[in-house]
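Numbering (this note's numbering), first residue to last: 35 to 551.
Glycine residues also receive a C-beta, built at the ideal position from the N, C-alpha and C atoms.
Everything numeric in this text was worked out from a predicted model, so none of it was measured.
Here it is as structure tokens:
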């Protein structure tokens with residue numbers, strides 16, 4: 035959640051449209067120990083009062099619904115029944131392992147983030163760095179190493195012997211010993227960090243590349259000859275007072291990494307995806323000032339961009355020159371286009387709406403089933419004539435407590451044959467597995483959920499990412515660490531036969547495609 039102080043004497047914070055990213059924290063904003071008032075206000079428990087903020091200003095910021103400028107207790111959570119840390123699940127899902135956060139990562143403000151996989155190892159981001167786990171035996175995962183390198187949100191990918199991290203908080207330099215520094219200072223740094231992971235127990239930091247407005251997320255697109263990795267860097271929310279993040283910012287940054295000489299990695303382009311400026315924003319929807327995340331499907335030469343107020347479909351046949359070929363908006367129910375997932379055949383795409391920036395209780399009857407949800411689109415046509423047709427929304431059917439942040443977040447396909455099934459994180463709403471083969475009528479087939487971290491105050495937590503990898507679901511829980519889940523259901527049995535070496539979920543693999551893809 036992006037924050038700026040309202041009154042430093044009171045320790046109050048509210049959303050603004052100038053800092054970058056709904057999760058971007060300015061120094062001193064103790065998000066994880068604060069009570070969230072709707073989507074726009076963060077305060078200490080003793081100071082929680084919606085009367086202390088200008089709700090009209092929050093709506094004008096363009097990245098939250100005005101009606102969410104409420105005390106969290108105004109949401110209807112009568113249907114929330116779980117006690118703190120109580121486990122609830124469908125009969126077909128069970129937890130088989132957990133590794134709690136460790137050392138300097140074991141702090142409320144050290145949020146766990148995304149996960150990447152390679153050859154039986156999981157690489158898990160954290161706002162303070164990243165973890166390496168040995169998950170070759172998923173029921174007995176082991177810690178290999180913990181790398182301290184602060185710079186949220188440390189979005190992570192791996193390819194060959196390289197690991198890439200996104201830094202989207204302004205730092206005083208590009209080192210792993212850096213400290214926070216205002217983005218108004220020209221010398222401040224944000225962007226991509228590159229590590230050599232040839233020795234998994236001792237990763238080496240070898241290169242950095244600065245990018246405009248930092249790197250909130252990045253997507254790895256390999257070249258056809260596998261000699262080059264392209265990173266599509268997503269960032270947003272420019273500010274005229276930020277020398278390295280000037281408006282307009284209707285672009286992504288492309289970093290080219292020669293795999294045989296990764297220290298020569300460089301920024302090669304900043305293609306403008308929205309020549310018309312994108313969605314201008316509304317009281318219920320974010321203005322487009324960049325993209326939040328891009329999911330590439332290299333085997334199909336397409337990518338989907340979740341770009342704040344717009345959803346886009348791109349042709350990436352030339353990875354150095356992505357082209358927008360279709361665009362959609364949802365001005366009724368979507369607040370913030372957050373991420374995307376294709377089905378295996380590439381004729382459907384799911385976009386997520388991160389209503390409230392991941393910090394609000396949106397899984398309740400007050401918000402309803404169509405906001406903070408997934409939107410499922412069919413893809414019609416070929417080539418540049420492809421279009422997106424909305425089919426339905428999907429949202430978990432359970433009510434969460436007002437102390438629980440809950441909204442659609444990161445997930446992956448479950449690689450079954452003949453059907454379209456996805457597993458997805460919903461923060462403290464837990465993990466949901468659903469079938470969207472009939473894109474107009476998605477159906478949940480399983481879930482796993484912890485009760486709230488607290489029943490008296492809102493603490494940011496829950497599953498950031500939940501991905502299927504080689505027969506199991508791996509979830510990076512913001513506060514509880516790495517969870518491993520097993521799904522036993524006839525509808526996913528073919529997925530358990532699938533084995534894949536590398537998985538960067540936003541570089542979507544063709545699970546059952548020909549060798550080489």
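- The beta carbon of residue 525 sits closer than 8 Å to the beta carbons of 450, 453, 455, 469 and 479 from its chain, once the five residues preceding and following it are set aside; these are given in chain order.
- In this structure, the alpha-carbon of residue 163 lies about 22 Å from that of residue 287.
- The alpha carbon of residue 341 has as its nearest neighbour, out of 311, 331, 334 and 355, the alpha carbon of 311.
- Per DSSP, residue 238 is one residue of the beta strand (DSSP E) stretching across 238 to 244.
- Bounds of the beta strand (DSSP E) holding residue 348 are 344 to 349.
- Residue 508 and residue 128 have their alpha carbons spaced roughly 12 Å apart.
- For residue 395, the secondary structure class from DSSP, reduced to helix, strand or coil, is strand.
- Per the coordinates, the alpha-carbon of residue 330 lies some 15 Å from the alpha-carbon of residue 193.
- With a contact defined as Cβ atoms closer than 8 Å, residue 204 and residue 224 qualify at about 6 Å.
- Annotated as proximal: residue 381 and residue 413, with beta-carbon spacing under 8 Å.
- When DSSP states are grouped into helix, strand and coil, residue 473 belongs to the coil group.
- Burial is judged here by how many other beta carbons sit within 10 angstroms of a residue's own beta carbon; residue 252 has at least 16 and is buried.
- Residue state for residue 135 is assigned as coil, using DSSP reduced to three classes.
- Taking C-beta atoms under 8 Å as the contact rule, residue 395 and residue 325 fail to qualify, at a distance of about 26 Å.
- Straight through space, the alpha carbons of residue 510 and residue 267 are spaced by roughly 22 Å.
- At least 8 Å separates the beta-carbon of residue 290 from that of residue 245.
- Around the beta carbon of residue 433, 16 or more other beta carbons sit within 10 angstroms, so the residue counts as buried.
- CA-CA distance, residue 355 to residue 305, rounds to 7 Å.
- Using a C-beta cut-off of 8 Å, the segment 492 to 505 makes contact with the segment 459 to 469, since at least three inter-stretch Cβ pairs fall below that distance.
- Closest in alpha carbon position to residue 533, among 147, 493, 170 and 376, is 170.
- Comparing C-alpha distances from residue 186 to each of 148, 264 and 178 shows the shortest one belongs to 148.
- A residue is called buried once 16 or more other Cβ atoms fall within 10 Å of its Cβ, and residue 372 is buried on that count.
- Residue 109: not part of any beta strand (DSSP E); DSSP gives it neither H nor E.
- Judged by DSSP secondary structure, residue 338 falls within the beta strand (DSSP E) whose first and last residues are 336 to 341.
- When C-alpha distances from residue 320 are compared across 344, 332 and 334, the shortest belongs to 344.
- Restricting attention to beta strand (DSSP E) runs no shorter than 3 residues, the segment 254 to 324 encloses them at 262 to 268, 287 to 292 and 300 to 303, ordered along the chain.
- Cβ-Cβ distances below 6 Å link residue 151 to 503 and 537 in the same chain, with the five nearest sequence neighbours on each side left out; the list follows chain order.
- The beta strand (DSSP E) runs of length 3 or more contained entirely in the segment 404 to 448 are, from start to end of the chain, 408 to 414, 421 to 428 and 445 to 448.
- Residue 489 and residue 517 have their C-alpha atoms roughly 22 Å apart.
- In the same chain as residue 178, and ignoring 5 residues on each side of it, the C-beta atoms closer than 6 Å to its own belong to 166, 168, 234 and 235, in chain order.
- About 5 Å separates the CB atoms of residue 442 and residue 408; that is less than 8 Å, so the two are in contact.
- Contact check for residue 131 against residue 174 passes: the beta carbons are separated by less than 8 Å.
- For residue 182, the number of other beta carbons within 10 angstroms of its own is below 16, and it is reported as exposed.
- In this structure residue 242 is not in contact with residue 269, their Cβ atoms being roughly 15 Å apart against a cut-off of 8 Å.
- Secondary structure at residue 484: strand, using DSSP grouped into helix, strand and coil.
- Under the DSSP assignment, residue 501 falls in the beta strand (DSSP E) whose first and last residues are 497 to 503.
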